[in-house]
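S.K.:
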Amino acid sequence: MEVALAASAIVAVALLWEVMAPHLQRRSEARKARKQALAAGQIAPYDPGRERRAEARAKELLKSCVNEEEWEMYRDLGLIRVWGAENLDAELRGVPYAYLIYPHKPIVAYLPQTGRLLNEYCVEFPDESRPYGSTRLPDSDDVLAKWMALKGDERRLISSANMHLPGRQIDLKQIQRDIWRLGRWERERLERNRRTQSGAA
Amino acid sequence: MKFLRMRPGYGEQLIAEGDPNLLEDEQRLVDEFRKQLELGMWAAIPVQTDSGRREAEMVRDFKDVPRDAGRVIFFPRAAGGAA
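In the order they appear, the protein sequences are chains A and B. Heads up: the first sequence runs through residues 1359 to 1559, numbered per the numbering used here. Heads up: the second sequence runs through residues 508 to 590, numbered per the numbering used here.
Structural data, given as structure tokens:
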């Protein structure tokens, strides 16, 4: 019995090693490459304080550009819904559609009336000047870039993106949950505003 | 008029500022606008409609920037991600 258990344990460890070895090797190589780049002064070390300050500035910029409702949506839910203005899909025949904008995740197109998911648009705004070794904008800047591009030239942004079926990068359950949270958030906000107005009257 | 550029690790950076009604400032703004577009940036202007809604306009040429625009925001051109 003990021999069988020991043999099973050895096999399990060997299988686990087979699975994990490439991953561990990749991580080790990436760490080594990063160390070499740091030593050569090619990238500045990651500074969490700098990133936090950048994100704080980006949030202020976002707040100053989007509508109050959109800002509160982002603050409370971590996403912004933008209504589609173009008729990009002939199949929709004028049915209102909208996008969910997440930081550093694909834009999700859906039909708010039914909750039907349409597409995922994978798009990035890589800054190749890499001031601190990374091409990645702060989260709120990424959201603002998507918001401005969708508002300003929806067709151009969508044609720059890689289009996929929903669920490729963002879990379908998460999107459906977010749509449900958004609906509840809107109802509560409406109710709050109604109470404030009736209180003021 | 302020030119702001989104950058990793910074948030936005003020890259130019001037009054487009002054000839000298205007030329500086035109040059900086061109430079940013050549660097692969897109340019957008936050605007407010008559109904008070905030929107954005994308601009490809300095002459399309309204004289009274307070800010022009530059951000990296979109690229398809995670193919």
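Glycine residues also receive a C-beta, built at the ideal position from the N, C-alpha and C atoms. Computed from a predicted model, the values in this text were never measured in an experiment.
ARG560 (chain B) and PRO553 (chain B) - do their beta-carbons sit closer together than 8 angstroms?
M.R.: Their beta carbons are not under 8 angstroms apart, which means PRO553 (chain B) does not touch ARG560 (chain B) by this criterion.
S.K.: May I ask you to report which of helix, strand or coil DSSP gives LYS570 (chain B)?
M.R.: In this structure, LYS570 (chain B) counts as helix in the three-state DSSP scheme.
S.K.: Pick from A:HIS1462, A:LEU1469 and A:ILE1537: whose alpha carbon is nearest that of MET1431 (chain A)?
M.R.: Checked all of A:HIS1462, A:LEU1469 and A:ILE1537; the closest Cα to MET1431 (chain A) is A:ILE1537.
S.K.: If we define contact as Cβ-Cβ less than 8 angstroms, is MET508 (chain B) a contact residue for chain A?
M.R.: No, because no Cβ of chain A sits closer than 8 angstroms to the Cβ of MET508 (chain B).
S.K.: Report, in whole angstroms, the separation of the C-beta atoms of GLU1413 (chain A) and SER1498 (chain A), which I expect to be a contact under 8 angstroms.
M.R.: Contact flag correct, Cβ pair sits at about 6 angstroms.
S.K.: Can you tell me which of A:ILE1459, A:LYS1421 and A:THR1472 puts its alpha carbon nearest to the alpha carbon of CYS1480 (chain A)?
M.R.: Cα-wise, what sits closest to CYS1480 (chain A) is A:ILE1459.
S.K.: Please state if the CB of HIS1522 (chain A) and the CB of GLU1482 (chain A) are separated by a distance shorter than 8 angstroms.
M.R.: Their beta carbons are not under 8 angstroms apart, which means GLU1482 (chain A) does not touch HIS1522 (chain A) by this criterion.
S.K.: Examine chain A for any beta-carbon lying closer than 8 angstroms to the beta-carbon of ALA582 (chain B), and answer yes or no.
M.R.: The residue you asked about is not Ala; residue 582 (chain B) is Phe in the sequence shown. Yes, its Cβ sits closer than 8 angstroms to a Cβ of chain A.
S.K.: For GLU1428 (chain A) and ALA1370 (chain A), I'd like the C-alpha separation in whole angstroms.
M.R.: Whole-angstrom Cα-Cα distance: 51 angstroms.
S.K.: When Cβ atoms are compared, which residues of the region 514 to 540 of chain B fall closer than 8 angstroms to chain A?
M.R.: The residues in question are ARG514, PRO515, GLY516, TYR517, GLY518 and GLU519.
S.K.: Give the DSSP bridge partners of VAL579 (chain B), in chain order.
M.R.: VAL579 (chain B) is bridged to B:PHE510.
S.K.: Taking SER1517 (chain A) as the reference, which of A:ALA1507, A:THR1472, A:ARG1539 and A:GLY1525 has the closest Cα?
M.R.: Residue A:ALA1507 is the option with its Cα nearest to SER1517 (chain A).
S.K.: Is the shortest distance between the beta-carbon of ARG1547 (chain A) and the beta-carbons of chain B less than 8 angstroms?
M.R.: By this cut-off, ARG1547 (chain A) is not an interface position.
S.K.: Looking at the structure shown, is GLU562 (chain B) part of a helix, part of a strand, or coil, going by DSSP?
M.R.: Strand at GLU562 (chain B).
S.K.: Residues of the region 1414 to 1435 of chain A in Cβ contact with chain B at a cutoff of 9 angstroms, in chain order, please.
M.R.: Result list: ALA1414, ARG1415, ALA1416, LYS1417, GLU1418, LEU1419, SER1422, CYS1423, VAL1424, ASN1425, GLU1426 and GLU1428.
S.K.: LEU1515 (chain A): buried (16+ other C-beta within 10 angstroms of its C-beta) or exposed?
M.R.: Label assigned to LEU1515 (chain A): buried.
S.K.: Residues in the same chain with beta-carbon distance under 7 angstroms from ARG1552 (chain A), minus the five sequence neighbours each way, listed in chain order, please.
M.R.: Closer than 7 angstroms at the Cβ level, and outside the excluded window around ARG1552 (chain A), lies no residue.
S.K.: Of all the residues that make up the region 1464 to 1494 of chain A, which are near chain E by a beta-carbon distance shorter than 9 angstroms?
M.R.: The structure shown has no chain E; the protein chains it does contain are A and B.
S.K.: Can you name the residues of chain B whose CB is closer than 7 angstroms to the CB of LYS1509 (chain A)?
M.R.: By Cβ distance, chain B contributes GLU562 and ALA563.
S.K.: Counting only the same chain and skipping the five closest in sequence on each side, list residues whose C-beta sits under 7 angstroms from that of PRO583 (chain B).
M.R.: Contacts found: GLY547 and MET548.
S.K.: Can you confirm whether ASN1327 (chain A), when its beta carbon is compared against all beta carbons of chain B, has any partner nearer than 8 angstroms?
M.R.: Chain A is shown only over 1359 to 1559; residue 1327 (chain A) falls outside these bounds and no answer can be derived.
S.K.: What are the residues that DSSP puts in a beta bridge with HIS1522 (chain A)?
M.R.: The partner list for HIS1522 (chain A) (beta bridge, DSSP) reads A:GLU1478.
S.K.: Of the choices A:GLU1549, A:LYS1463, A:GLY1442 and A:GLY1491, whose alpha-carbon is the least far from that of TYR1455 (chain A)?
M.R.: The shortest Cα separation from TYR1455 (chain A) among A:GLU1549, A:LYS1463, A:GLY1442 and A:GLY1491 belongs to A:GLY1442.
S.K.: Give the straight-line distance between the Cα atoms of ALA586 (chain B) and GLU1549 (chain A), rounded to the nearest whole angstrom.
M.R.: Looking at the two C-alpha atoms, the distance is approximately 40 angstroms.
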